[in-house]
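All remarks here apply to the structure that follows.
Printed below as a string of structure tokens:
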């Protein structure tokens, strides 16, 4: 995740395949899955789940690799494809700063999902569930405002209620 990374797209893809190839036997030996999480920031070497899926398939890693669908990074990357069949975990966080330019949004903007969410969390979750995703959903808010809350369990419950209602209203 370096803006000065001199590699082109083909070199980055090759590096990803090299890493996945090296890790796959270790994962197989121990009977565990490796989770690959593309990060939607412009400077990241792996921004799109499509790139990860192509690399996983290219190295024959469908048995040991799964994607992390992060609603924040999915939105930042502008990706449409979801890959629910290859998703092993979903990270959820909201952003409520509608004035922040997309390329300036960072982890510090990530809050629990509420009414003012600009990332389309309910839509992303609904699409994943409707497409067959049956795995876990986890919150990943990094904003100091969340960490400083007096009653974090209540705030999480409120966010869960909001998302449950928003997703069920869409059905």
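In the UniProt record's numbering, the protein residues as written are 1 to 171. Virtual Cβ for every residue (Gly too), placed ideally from N, Cα, C.
Exercise for the section: Give the DSSP-derived three-state secondary structure of residue 72 in the structure shown. Expected result: helix
Exercise for the section: Answer yes or no: do residue 88 and residue 64 have a C-beta to C-beta separation smaller than 8 Å? Expected result: no
Handout entry: Own chain partners of residue 131 with C-beta closer than 7 Å, once the 5 adjacent residues on each side are dropped
Key = 82 and 84
Exercise for the section: Helix, strand or coil for residue 82, going by three-state DSSP, please let me know. Expected result: coil
Handout entry: Cβ neighbours of residue 97 in the same chain (closer than 7 Å, five flanking residues each side left out)
Key = 109
Exercise for the section: Count the other C-beta atoms from every protein chain shown that fall within 10 angstroms of the C-beta of residue 161, then say buried if there are 16 or more, exposed otherwise. Expected result: exposed
Practice task
Enumerate in chain order the residues of its own chain whose CB-to-CB distance from residue 103 is below 7 Å, with the five nearest sequence positions on each side excluded.
Solution key: 42
Practice task
Starting from residue 92, follow its DSSP beta bridges and name the residues at the other end.
Solution key: 139
Problem - Three-state secondary structure assigned by DSSP to residue 146 - result: helix
Problem - Distance CB(residue 69)-CB(residue 90) smaller than 8 Å - result: yes
Exercise for the section: Tell me residue 66's beta-bridge partners as DSSP assigns them. Expected result: 35
Handout entry: Secondary structure of residue 113, DSSP reduced to three states
Key = coil
Handout entry: Continuous alpha helix (DSSP H) stretch holding residue 108: start and end
Key = Taken as a continuous stretch (DSSP letters only), residue 108 belongs to no alpha helix (DSSP H), as it is neither H nor E.
Handout entry: Same chain only: Cβ atoms within 8 Å of residue 15, ignoring 5 sequence neighbours per side
Key = 7 and 45
Handout entry: Range covered by the alpha helix (DSSP H) that runs through residue 167
Key = 152-169
Practice task
Would you please state the rounded distance, in angstroms, between the beta carbons of residue 93 and residue 141? I believe it to be under 8 Å.
Solution key: 5 Å
Exercise for the section: Apply the 10 Å Cβ neighbour rule to residue 61 and answer buried if 16 or more other Cβ atoms are within range, or exposed otherwise. Expected result: buried
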